[in-house]
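Residue numbers (mature numbering (1 follows the signal peptide of the UniProt record, and there is no 0)): -22 to -1, 1 to 432.
Since the structure comes first, as structure tokens, the remarks are kept for the end.
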């Protein structure tokens, strides 16, 4: 079956209303018909037979991929059906909250309503208000139209009339939005600023406010206004704002303005001066002495502040100490710090003692060459490796002595009874016998006994 968007739109427009005397409607031969009289079924050959129940009409099933018709619940003034509901009503009607019926739109001059009785399109010559509750006469170039018919905001480049019923082009150059009577409320970009007469002008350097003729009437802080309406940097010492190139109007903090100059106060212990030699506010611990304008120590030695009068204390030292104690570090913090310091000191002391008192214990390998006559006669040069492991000895034990006799090296390890020898010899008796043999063979040799401390 051939299908095209044109045929689909035509099919939607040909759904029948609720009348049972509807005239049969046919489409081109490649399409099936959409309605028959008396709710009968319509077939491809344009014949009708009973099919739909009473109260239902025949139509092509939306979203279906088959070429047969479906029966839909007949809802008056509905042009887009669901199975039993109306998805969209005819112009001037709106679906009821449950979408089972189409109710007449109660908004005057409204052509298209939605489910909330909200007008989406008005008849010719009218426009929906901003909240959609009314159809009102349109205001040209209006962005926000009230239900009273007045405009509350015009489009960019237009200005709102005083009565709110018209938007006219803004005549202010470089203005994005006018506030009325050719007065600009916002310029088109940051390249322009509003003047005092609400025009858009190019900025005057270092100027806070300027007229439409770019004449500055107020400079930024730190700059002074010249007679020509320009802003120049204020170069007077300690001056924050100048009124003329030679006159300061506002001084920096802790400076006194006197005759257009910023001067320091010559009164000792003074925070703020009223004149070069008169103080009006003294530092802590000092107060004004009568009407002299001088600062003297507070008369009460326990007083901390008496700035306005040396004889009247406003804050005592005891109160200051109380505040300091309240803001001090809690005792438990100090306890934790002390414990941590003691632990650290103990670790350092242990490491020092370990390094100073400990004697190095290392493995020693002694090579021994046999010099017995029997071995020499045989021409057999035998060398034995004696590995002595001292690591199992006690911490502060002395290393074993090593006996050197001529070419013979004999390691000795003595224990408490001095009878046991570890190494090549197995007993003290064997050791004595070896000493006598060595003495007989080499009378001229000298015996050297060395204790090697490892």
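Glycine included, C-beta positions come from ideal geometry on N, C-alpha and C.
{"Item": "Rounding to the nearest angstrom, what Cα-Cα distance links residue 83 and residue 195 in this structure?", "Value": "60 Å"}
{"Item": "If distances are taken between C-alpha atoms only, which option among 53, 250, 112 comes closest to residue 97?", "Value": "112"}
{"Item": "By Cβ distance, which residues of its chain are closer than 8 Å to residue 125, with the 5 residues on each side in sequence left out?", "Value": "107, 108, 109, 111, 112, 114"}
{"Item": "Ordered along the chain, which non-local residues of its own chain (more than five positions away) have a Cβ less than 8 Å from that of residue 245?", "Value": "251, 255, 256, 257, 271, 272, 273"}
{"Item": "Give me the Cα-Cα distance between residue 71 and residue 148, rounded to the nearest whole angstrom.", "Value": "40 Å"}
{"Item": "Taking the DSSP output, what are the residues bridged to residue 137?", "Value": "146"}
{"Item": "Shortest alpha-carbon distance to residue 203 belongs to which of 190, 225, 216, 90?", "Value": "225"}
{"Item": "Measuring straight from C-alpha to C-alpha, what distance separates residue 297 and residue 282?", "Value": "9 Å"}
{"Item": "Could you give the first and the last residue of the continuous beta strand (DSSP E) run that contains residue 248?", "Value": "248 to 253"}
{"Item": "Kindly give me the distance between the Cβ atoms of residue 240 and residue 230, rounded to whole angstroms, as I take these residues to be in contact under 8 Å.", "Value": "7 Å"}
{"Item": "For residue 62, I'd like the list of residues in its chain whose CB is within less than 6 Å of its CB, leaving aside the five on either flank, ordered along the chain.", "Value": "51"}
{"Item": "Reducing DSSP to helix, strand and coil, say where residue 56 ends up.", "Value": "strand"}
{"Item": "For the stretch 257 to 313, which segments carrying the alpha helix (DSSP H) assignment without a break, of at least 4 residues, lie completely within its bounds, in sequence order?", "Value": "295 to 304"}
{"Item": "In chain order, what residues of the same chain lie with their CB nearer than 8 Å to the CB of residue 160, ignoring the 5 residues before and after it?", "Value": "137, 148, 149, 150"}
{"Item": "With respect to 8 Å, is the separation between the Cβ of residue 233 and the closest non-hydrogen atom of the ligand NAD below this value?", "Value": "By its list of ligands, the structure shown contains no ligand whatsoever, and the ligand NAD lies outside what it can speak to."}
{"Item": "With the cut-off set at 9 Å, would you say residue 264 and residue 284 are in Cβ contact?", "Value": "yes"}
{"Item": "With DSSP as the reference, please indicate the residues paired to residue 434 in a beta bridge.", "Value": "With the chain covering -22 to 432 only, the question about residue 434 has no answer from this structure."}
{"Item": "Along the beta strand (DSSP E) that carries residue 183, what are the first and last residues, could you check?", "Value": "Premise fails: residue 183 is in no beta strand (DSSP E) and is neither H nor E."}
{"Item": "Run the CB neighbour count on residue 314, radius 10 Å, all protein chains shown included, and call it buried at 16 or more, exposed below.", "Value": "exposed"}
{"Item": "Give me the Cα-Cα distance between residue 156 and residue 140, rounded to the nearest whole angstrom.", "Value": "12 Å"}
{"Item": "What separation, rounded to the nearest whole angstrom, lies between the Cα atoms of residue 119 and residue 103?", "Value": "15 Å"}
{"Item": "Who are the Cβ neighbours of residue 89 in its own chain at under 7 Å, not counting the five residues just before and after it?", "Value": "69, 70, 99, 100, 101"}
{"Item": "Near residue 116, which residues of its chain fall below 6 Å by C-beta distance, leaving aside the five closest residues on each side in sequence?", "Value": "105"}
{"Item": "Return the chain-ordered list of same chain residues with a C-beta closer than 7 Å to the C-beta of residue 287, the five sequence neighbours on each side being excluded.", "Value": "265, 266"}
{"Item": "Are residue 183 and residue 209 close, meaning C-beta to C-beta below 9 Å?", "Value": "yes"}
{"Item": "Strictly by DSSP, which residues pair up with residue 205?", "Value": "The partner list for residue 205 (beta bridge, DSSP) is empty, contrary to what the question assumes."}
{"Item": "Does the separation of the CB atoms of residue 259 and residue 276 fall below 9 Å?", "Value": "no"}
{"Item": "Give the straight-line distance between the Cα atoms of residue 318 and residue 326, rounded to the nearest whole angstrom.", "Value": "13 Å"}
{"Item": "Exposed or buried, which one is residue 188 when buried takes at least 16 other CB atoms within 10 Å?", "Value": "buried"}
{"Item": "Any idea which residues DSSP pairs residue 239 with across the strands?", "Value": "236"}
{"Item": "Nearest to residue 214 by alpha carbon, out of 235, 205, 130?", "Value": "235"}
{"Item": "Whole angstroms are fine: how far does the CA of residue 335 sit from the CA of residue 398?", "Value": "With a pLDDT of 43 at residue 398, under the threshold of 50, the modelled position of this residue cannot be trusted, and the question is left open."}
{"Item": "Suppose contacts are defined by Cβ-Cβ distances below 9 Å. Is residue 190 in contact with residue 173 by that definition?", "Value": "yes"}
{"Item": "Who does residue 194 pair with in a DSSP beta bridge?", "Value": "188"}
{"Item": "What span of residues does the beta strand (DSSP E) with residue 199 cover, start to end?", "Value": "No beta strand (DSSP E) holds residue 199; DSSP gives it neither H nor E."}
{"Item": "Give the DSSP bridge partners of residue 71, in chain order.", "Value": "82"}
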